[in-house]
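Chemist: One structure coming up, written as structure tokens, with questions to follow.
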Amino acid sequence: MTDVFYLFASLSTVGWNQRLNQWMFKNINLSELSRKVIRPHYDSLRVHMYDRLWSPHGLVRYGVAPDHPEVKHVTVIGNGNVALDIARMLLSSPERLSRYDVPASVLDVLTRSQVRHVSVVGRRGPAQAAFTAKELREMMNLEGTALIPVDECIMTDAQKSPLERQHKRILDILKKGSKEKLGSTKRTWSLDFFRSPTGISTSEGSNGTPVTLNLAHTTLSPTGSAVPTGVHSDLRTSLVVTALGHTAETSTPWFDPKTGHVHASGGRVLDTEGRVIRRVYASGWAGRGARGVLATTMVDAYGVAETILGDTFPDAFQRDAVEGMPGGGENDTVNVDSMLPTAVDNDSLPRDVEEAVRVGQSTSYEDWKKIDAEEVRRGEEVGKERERMGWEDAKAFLQHLRSKASGT
Numbered sequence: 033m034t035d036v037f038y039l040f041a042s043l044s045t046v047g048w049n050q051r052l053n054q055w056m057f058k059n060i061n062l063s064e065l066s067r068k069v070i071r072p073h074y075d076s077l078r079v080h081m082y083d084r085l086w087s088p089h090g091l092v093r094y095g096v097a098p099d100h101p102e103v104k105h106v107t108v109i110g111n112g113n114v115a116l117d118i119a120r121m122l123l124s125s126p127e128r129l130s131r132y133d134v135p136a137s138v139l140d141v142l143t144r145s146q147v148r149h150v151s152v153v154g155r156r157g158p159a160q161a162a163f164t165a166k167e168l169r170e171m172m173n174l175e176g177t178a179l180i181p182v183d184e185c186i187m188t189d190a191q192k193s194p195l196e197r198q199h200k201r202i203l204d205i206l207k208k209g210s211k212e213k214l215g216s217t218k219r220t221w222s223l224d225f226f227r228s229p230t231g232i233s234t235s236e237g238s239n240g241t242p243v244t245l246n247l248a249h250t251t252l253s254p255t256g257s258a259v260p261t262g263v264h265s266d267l268r269t270s271l272v273v274t275a276l277g278h279t280a281e282t283s284t285p286w287f288d289p290k291t292g293h294v295h296a297s298g299g300r301v302l303d304t305e306g307r308v309i310r311r312v313y314a315s316g317w318a319g320r321g322a323r324g325v326l327a328t329t330m331v332d333a334y335g336v337a338e339t340i341l342g343d344t345f346p347d348a349f350q351r352d353a354v355e356g357m358p359g360g361g362e363n364d365t366v367n368v369d370s371m372l373p374t375a376v377d378n379d380s381l382p383r384d385v386e387e388a389v390r391v392g393q394s395t396s397y398e399d400w401k402k403i404d405a406e407e408v409r410r411g412e413e414v415g416k417e418r419e420r421m422g423w424e425d426a427k428a429f430l431q432h433l434r435s436k437a438s439g440t
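Heads up, the numbering used here is the position in the sequence shown plus 32, with the first residue counted as 1.
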């Protein structure tokens with residue numbers, strides 16, 4: 033085989049923007065199911081994977097915490113699991129977090145933290161929230177922290193509409209409230225539904241809350257979208273953090289501005305006229321938008337991998353029922369050659385990766401395995417899962433290994 037395939041997949045970040053990465057494969061056979069198919073072609077199989085982070089797996093492993101002691105009120109914009117993750121980190125005691133693989137530098141900051149309240153702001157209601165019942169329950173059981181109850185009118189209205197099982201659970205948890213009652217704890221949090229940020233201003237000299245966030249009050253349209261009511265209010269806070277999903281790369285020829293992600297069907301990327309672009313695929317948030325949890329994305333990735341294998345080896349794999357689907361016939365497909373170069377040097381590097389290598393801002397997978405083992409070793413010394421390194425610490429560690437190996 034000599035075809036070049038393009039697979040676009042979105043990688044997850046906690047509490048911040050997701051981004052669209054490009055993987056280029058020659059002779060893609062990536063599923064465990066494809067072992068019999070791969071074997072005859074294994075010598076020619078090449079897989080190149082690049083990540084903007086210095087560590088793999090596409091997750092933000094090395095976050096930061098508010099390092100100003102005057103920060104007492106934090107506002108998180110977003111109504112997904114990441115928003116609740118941020119709130120839980122800020123409101124958890126350092127003693128609780130010390131059992132996990134939170135970096136010592138972050139624990140030091142959280143030990144000095146004066147955060148007393150976290151507002152989680154969302155433009156729609158509890159029946160449309162993107163967080164899961166599991167994440168919400170963890171927040172409700174957080175030691176030393178109480179939820180300010182959600183307005184009863186909002187709860188009543190939410191129960192009037194048909195609800196999926198997941199959102200029924202969420203409403204039940206919200207009605208029950210937090211394990212520790214309001215007034216009995218030093219730390220609190222709130223879910224501020226039907227609020228959409230429209231502006232932000234700062235003022236010097238404000239005691240602990242130098243930021244004013246202007247919020248437009250919203251309601252639901254007949255289609256379920258958040259629309260402004262014309263009412264506004266101000267929220268005084270110390271720090272604003274966004275947790276709003278991801279933004280796709282808009283310059284690609286298959287970006288769909290209506291959905292905000294790659295135009296795809298069943299993993300196959302489509303052009304603006306709805307025709308399948310041969311050998312171009314999308315999975316996860318890149319192809320479906322910012323919805324679902326990690327397990328959802330994983331299942332979708334498996335499905336797209338099987339689609340690739342079915343398209344590539346139709347005799348060895350049972351293909352999707354393409355009758356009536358885009359791409360069901362030759363007239364419904366378009367060749368990628370008109371959009372992307374096919375004369376690809378399989379060992380070449382993208383320009384930004386070449387630049388990172390040139391200035392010493394890159395790590396190989398072999399480097400990562402050494403860092404990974406060292407993090408686990410350091411964690412064992414202090415009774416933790418691992419002691420995570422920051423980039424500067426990791427660079428120093430790798431330099432020490434290289435110097436030791438060269439005898440310098």
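We treat Cβ as the ideally placed atom computed from N, Cα and C, and that holds for glycine.
These numbers were taken from a predicted model, which means no experiment stands behind them.
Tell me whether residue 464 is buried or exposed, calling it buried when 16 or more other Cβ atoms sit within 10 Å of its Cβ.
Modeler: No answer is possible for residue 464: the residues shown for the chain start at 33 and end at 440.
Chemist: Could you tell me which of 316, 130, 252 sits nearest to residue 227, measuring between CA atoms?
Modeler: Ranking 316, 130, 252 by Cα distance to residue 227 puts 252 first.
Chemist: Please decide whether residue 430 counts as near chain B, where near means a Cβ-Cβ distance under 9 angstroms.
Modeler: Chain labels in this structure do not include chain B; a single protein chain is all it has.
Chemist: Rounded to whole angstroms, what's the CA-CA distance from residue 66 to residue 340? Just pull it up for me.
Modeler: Since pLDDT at residue 66 reaches only 44, below the 50 mark, its modelled position is unreliable, and the value read off the structure follows with that caveat. Taking the straight line joining both Cα atoms gives about 11 angstroms.
Chemist: I want to know whether the stretch 109 to 125 touches the stretch 169 to 181 - three or more CB-CB distances under 8 angstroms.
Modeler: Contact between the stretch 109 to 125 and the stretch 169 to 181 is present, because at least three Cβ pairs lie under 8 angstroms.
Chemist: Residue 234 and residue 267: beta carbons closer than 9 angstroms?
Modeler: Against a cut-off of 9 angstroms, the Cβ pair of residue 267 and residue 234 comes out as no contact.
Chemist: Just checking my contact of residue 116 with residue 168 at CB under 8 angstroms: how many whole Å lie between their CB atoms?
Modeler: Correct: roughly 7 angstroms between the Cβ atoms.
Chemist: Between which residues of its own chain and residue 388 is the CB-CB distance below 8 angstroms, once the five residues before and five after are set aside?
Modeler: These residues qualify, in order along the chain: 394.
Chemist: By DSSP, does residue 285 sit in helix, in strand, or in coil?
Modeler: Of the three classes helix, strand and coil, the one that applies to residue 285 here is coil, per DSSP.
Chemist: Would you check if the stretch 144 to 162 and the stretch 105 to 113 touch, i.e. whether three or more CB-CB distances between them fall below 8 angstroms?
Modeler: A contact exists between the stretch 105 to 113 and the stretch 144 to 162.
Chemist: Should residue 419 and residue 135 be called a contact, given that it needs their Cβ atoms to be closer than 9 angstroms?
Modeler: Closer than 9 angstroms, so yes.
Chemist: Measuring alpha carbon to alpha carbon, tell me which of 292, 312, 287 ends up nearest residue 298.
Modeler: The candidate whose alpha carbon is nearest that of residue 298 is 312.
Chemist: Suppose you measure from the CA of residue 316 to the CA of residue 300; what does that come to, to the nearest Å?
Modeler: When rounded, the distance between both Cα atoms is 12 angstroms.
Chemist: Starting from residue 126 and walking both ways along the alpha helix (DSSP H), at which residues does that stretch end?
Modeler: Residue 126 -> alpha helix (DSSP H) spans 126 to 129.
Chemist: Excluding the five sequence neighbours on either side, which residues of its own chain have a C-beta within less than 6 angstroms of the C-beta of residue 86, listed in chain order?
Modeler: These residues qualify, in order along the chain: 395, 423.
Chemist: Quick check on the DSSP output: the beta strand (DSSP E) that includes residue 264 runs from which residue to which?
Modeler: Looking at the DSSP string, the run of the beta strand (DSSP E) that includes residue 264 is 258 to 269.
Chemist: What's the C-alpha gap between residue 270 and residue 142?
Modeler: Their backbone Cα atoms lie some 16 angstroms apart in a straight line.
Chemist: If you count every other CB in all the chains shown that lies within 10 Å of the CB of residue 323, and 16 or more means buried, which is it?
Modeler: With fewer than 16 other Cβ atoms within 10 Å, it is exposed.
Chemist: Would you report the Cα separation of residue 159 and residue 398, rounded to the nearest angstrom?
Modeler: Answer to the nearest angstrom: the Cα atoms are 46 angstroms apart.
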